[in-house]
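Worksheet: the structure to be examined is printed underneath.
In our numbering, the protein residues as written are 23 to 780.
Have a look at this one:
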């Protein structure tokens, strides 16, 4: 046995035997994936070993070996690589130097350890949210993000005051990133490649993850237009009325924008007296004044001083004033950011105001006291707001890359296999493992040690769960049923970090949409609705092209932008519930766990067999006449029998006389012929040519509201009926029923039925 660490041949005791355990996916846990590893290796403290490890444990050493990645290769006496380019983890030193060597997916996992999705380099997802960019995601289909129309529980639709046309409001749209894009970025970062047919399916390629929070005005991209300095108001002499006649007094200009300018985005408006007092823009949009500095107003109990935005309609000459800040008394420091929509048919100005007299600027009228000077120094910057900044880098900084990878692996029931000599991972579904024609025959060289009839921490109901906005919600959860009363009642085997949409949907404009909650709504006493943003709400969805029945208005209420559209993309949650996930990817597991049998055998392996070991093979034990998948090869040592765990499975091709390349048999027929309701129990009659026993999986989907109900039942003997109990049956629920079974496909026409309330 020879061990190389960081390219250095290490000294081993001549009779020292290193054992190795091989594993990729413990069938006892659906939520984890494993690496192969050696037992604890004890290296003698020879000069060679100490020098190779930076004199670790020697006084005054500065070795970094325990804190870094150490490359390791383990060869047997024939030169076979039991571990190639593995990872040596130095644990401790005492009389010897103790380490464990890992291979398989360990390097991939360690590369991503403590890294977040932000570290993966997702800058292509960052963009500005405005009306143009939202619509662009519906035409530029190669973008890695998209705005799918859905009900995000905000002000998704609205109409302007006095108008009747309802329109979509993009201010309450949420972007979503393409999962495939993030997946590829993770593998690029780790320096790995991957393959697997699942990644070519629509189920994966059309999977999107939402931004975790509303996108709003807290972070906006600005285009600078102009800067103005204001230092004390302009003054002039005028005849001022008094109780005893007229007097000459000094009065002051009320406008704060007194400097003329011209730019490509806006121009100051010069009046007949030569002064510039307002700004006109070249395009409709959202604009902003940043006002910083100090103002002084003389104390006046009969005044409410401040600054207002003056808006003049150039077509009608109607003037309005909107307060920006008021209630200033004495010297006051200001730091104001004020955004407002504006069209190219308007001009705006900033004016000092006395709000005590209504929205009227300071003039020569009696509410402006002569010789009471307003003072101060203000810096005023004028911007165009280009859009709300969508920063996925910032938003994903707490989402661990390893968690994201595991979400995908668990969603599709994947097992990953690392190529021994390259950084390539191959992913297979459970169904692919059980339909392979890659089969080994084990017979004379094995000894059956024991059989176990339950495995892992499973229960009678094994839950697959999402997160929810409401306590005790479970409408998109699912479960694998194990028909074994000796197990505990319930256990959660997969818990997703993603939220599920609400149980209900809403009709917006021309279509019903699912509700992905990003705002809570609160109705105030005056009837106004307040939208309170929520955070850390990651959802998954699909994206579906859709053509609106009629040309539809779409606006940004905040930016004052409007247009129309017909072609768009909308959310789709089809087959996204955990019941669907189980039916699509975990039915083989349901068959494995029902009538579970785990056989432990002792088998003699050669080093070559361990070196080239392939967990993707099915094993056929002639002694038992059954098929198995290999769960674990425990503590292999050269020249000794090795304890190996085998999990009994049903091989799809075993009943196919022609073997059919290991593919599943042709679909059987399963025809529902009748339905009878008794209270909340529903009995179905059926005809089938499917051989018994059958593990039947039933999914009922409510047509209008999309509620999903799933259950599994074991039909051990030939029968023509099955019964569902406790089916939710509110009035007027129209259900579509589908059936599938373990071990093959069912050609089942959808069966639609209407139940009476119970």
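The beta carbon of each residue, even a glycine, is placed where N, CA and C say it ideally should be. For clarity, every value in this text was computed on a predicted model and none was experimentally measured.
query, result
"In terms of alpha-carbon separation, which member of 618, 240, 654 and 658 lies closest to residue 648?", "618"
"Beta-carbon separation of residue 277 and residue 297 under 9 Å?", "yes"
"Which of helix, strand or coil does DSSP assign to residue 433?", "helix"
"Would residue 148 and residue 412 be called neighbours here (beta carbons separated by less than 9 Å)?", "yes"
"Consult DSSP for residue 361 and reduce its assignment to one of helix, strand or coil.", "strand"
"Going by DSSP, which residues form a beta bridge with residue 335?", "368"
"How many angstroms separate the CA atom of residue 540 from the CA atom of residue 525?", "15 Å"
"Are the CB atoms of residue 489 and residue 127 nearer to each other than 9 Å?", "no"
"Residues in its own chain within less than 8 Å of residue 71 by CB, not counting five upstream and five downstream?", "32, 33, 65 and 119"
"How many angstroms separate the CA atom of residue 425 from the CA atom of residue 281?", "56 Å"
"Give the C-beta separation of residue 364 and residue 307 to the nearest angstrom, bearing in mind that I take them to be a contact with Cβ-Cβ under 8 Å.", "7 Å"
"Assign residue 24 to buried or exposed, taking buried as 16 or more other Cβ atoms, counted over all protein chains shown, within 10 Å of its Cβ.", "exposed"
"Work out the CA separation of residue 245 and residue 353 for me, nearest whole Å.", "31 Å"
"Using DSSP bridges, identify the partner residues of residue 180.", "189"
"Any idea if residue 613 is buried or exposed, counting beta-carbon neighbours within 10 angstroms, 16 or more meaning buried?", "buried"
"Look up residue 119 in the DSSP assignment and give the residues it is bridged to.", "65 and 115"
"Should residue 169 be labelled buried (16 or more other beta-carbon atoms within 10 Å of its own) or exposed?", "buried"
"Below 8 Å, how does it come out for the segment 509 to 522 and the segment 621 to 632: are there three or more Cβ pairs, yes or no?", "no"
"Could you name each continuous beta strand (DSSP E) segment of 3 residues or more that falls completely within the segment 391 to 478, going from the start of the chain to the end?", "397 to 412, 436 to 440, 446 to 451, 461 to 464 and 468 to 474"
"From the DSSP output, in three-state form, read off residue 209 for me.", "helix"
"On the DSSP letters alone, give me the boundaries of the alpha helix (DSSP H) that residue 609 sits inside.", "609 to 615"
"Which ranges does the beta strand (DSSP E) cover as unbroken runs of at least 3 residues, wholly within the segment 283 to 310, from first to last along the chain?", "288 to 292 and 298 to 303"
"Considering only residues of the same chain and omitting the five flanking positions on each side of residue 69, which have a CB-CB separation below 8 Å?", "none"
"Measuring alpha carbon to alpha carbon, tell me which residue in 629, 665, 138 and 561 is nearest residue 199.", "561"
"What is the DSSP secondary structure of residue 593, reduced to helix, strand or coil?", "strand"
"Give me whichever residues DSSP pairs with residue 787 in a beta bridge.", "With the chain represented from 23 up to 780, any question about residue 787 goes unanswered, as that position is not in the structure."
"Is residue 531 helix, strand or coil when you go by DSSP?", "coil"
"So, for residue 350: in the same chain, excluding its five sequence neighbours on each side, which residues have a beta-carbon less than 7 Å away from its beta-carbon?", "317, 319, 327 and 328"
"Can you tell me whether residue 173 is buried or exposed, with buried defined as 16 or more other CB within 10 angstroms of its CB?", "buried"
"Just the Cα atoms here: how many angstroms apart are residue 381 and residue 375?", "Residue placement at residue 381 is poorly supported in this model, since its pLDDT is 49, which falls under 50; the coordinates still yield a value, given next. Distance between the alpha carbons of residue 381 and residue 375 is about 7 Å."
"Going by Cα to Cα distance, which pick from 640, 669 and 330 is closest to residue 371?", "330"
"Rounded to the nearest angstrom, what separates residue 98 and residue 472 at their Cα positions?", "30 Å"
"So that I know if they touch, is there some Cβ in chain D lying closer than 9 Å to that of residue 477?", "Among the chains in the structure shown there is no chain D, since it carries only a single protein chain."
"With DSSP run on the structure shown, which of helix, strand or coil describes residue 682?", "Since pLDDT at residue 682 reaches only 41, below the 50 mark, its modelled position is unreliable, and the value read off the structure follows with that caveat. It is helical."
"What's the gap between the Cα of residue 88 and the Cα of residue 668?", "36 Å"
"For residue 153, collect the residues of the same chain with a Cβ closer than 8 Å to its Cβ; drop the 5 residues on either side in sequence, then sort them by chain order.", "192, 576, 577, 578, 581, 583, 584 and 585"
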